[in-house]
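A short write-up of the structure that comes next.
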């Protein structure tokens, strides 16, 4: 998940209050990345988190028939983490006969994914499928689950979010939601240059599409991997 700050580009993980963002924007040109413009009315480039999570849940419940799902989320103050958790809860409620087990929260790191796996296994009965808020946590979770002798996807299916390069190298390869990371940066940089050149034009929010990349960790055969 995006983090850090470059000149006038602010990423979601900066998690500044709206009041501070608006004050900052009065001093320097500012574009938000991976954070909704919300009440700030600032320029923002983000991705469709809700559609990506819905696609993952629909695939797990509709194609594979999983009914007990769990979400491994990011930090509670992360805008992306909030949106993805809310979308997961909504998608599970909309799926007939499905239930969401209590979510586990990490910090988007692989280590926190491993810790989440241990927490889930300690409950005694693992969920049929785990939707992770990013790929790094999914990779850590999948490795820890398999290290404990639980087969993925035989007993627990796993999906991620981002589609980072290592996602295709795991065993099994990770089914994940792909977001256009390069396009996010490109469009934000262009918007910032426009803002520098014409500071008075109206701010705008742009949401880029996401799509599900089906590989093996959800239970699909190798032929569906990409």
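In the numbering used here, the protein residues as written are 59 to 284.
Here a beta-carbon is modelled for each residue, glycine too, at the ideal position from N, C-alpha and C.
Quick caveat, the model's predicted, so the values are computed rather than measured.
When the options are compared against residue i, the one with the closest alpha-carbon
i: residue 185; options: 162, 194 and 167; result: 162
i: residue 266; options: 242, 195 and 175; result: 242
i: residue 90; options: 271, 269, 248 and 277; result: 248
i: residue 223; options: 189, 215, 213 and 238; result: 238
i: residue 251; options: 78, 81 and 88; result: 88
i: residue 264; options: 99, 78 and 81; result: 99
i: residue 208; options: 182, 260, 159 and 233; result: 182
i: residue 150; options: 113, 166 and 179; result: 113
i: residue 212; options: 133, 129 and 279; result: 279
i: residue 129; options: 240, 214 and 258; result: 214
i: residue 166; options: 135, 81 and 160; result: 135
Proximity of residue i and residue j at Cβ, strictly below 8 Å
i: residue 111; j: residue 235; result: yes
i: residue 218; j: residue 193; result: yes
i: residue 231; j: residue 275; result: yes
i: residue 147; j: residue 268; result: no
i: residue 203; j: residue 175; result: yes
i: residue 127; j: residue 187; result: yes
i: residue 246; j: residue 216; result: no
i: residue 145; j: residue 108; result: yes
i: residue 189; j: residue 86; result: no
i: residue 271; j: residue 220; result: no
i: residue 191; j: residue 125; result: no
i: residue 253; j: residue 101; result: yes
i: residue 273; j: residue 233; result: yes
i: residue 157; j: residue 179; result: no
Buried or exposed (CB count within 10 angstroms, at least 16 for buried), residue i
i: residue 229; result: exposed
i: residue 199; result: buried
i: residue 131; result: buried
i: residue 137; result: buried
i: residue 154; result: exposed
i: residue 255; result: exposed
i: residue 121; result: exposed
i: residue 118; result: buried
i: residue 287; result: Absent from the structure is residue 287, since the part of the chain shown begins at 59 and ends at 284.
i: residue 277; result: buried
i: residue 259; result: exposed
i: residue 78; result: exposed
i: residue 66; result: Its pLDDT being 46, under 50, residue 66 is placed unreliably by the model, and the measurement read from it follows with that caveat. It is buried - the Cβ of residue 66 has at least 16 other Cβ atoms within 10 Å.
Identity of the residues DSSP links to residue i by a beta bridge
i: residue 219; result: 235
i: residue 86; result: Paired residue(s): none; residue 86 is not in a bridge.
i: residue 128; result: 159 and 188
i: residue 101; result: 89
task = Starting from the N-terminal side, write out each stretch of the alpha helix (DSSP H) that is 4 residues or longer and does not extend beyond the segment 139-202.
result = 168-180
ask   = Taking only runs of the alpha helix (DSSP H) that begin and end inside the segment 239-282, which ones reach a length of at least 4 residues, in chain order?
value = 239-255
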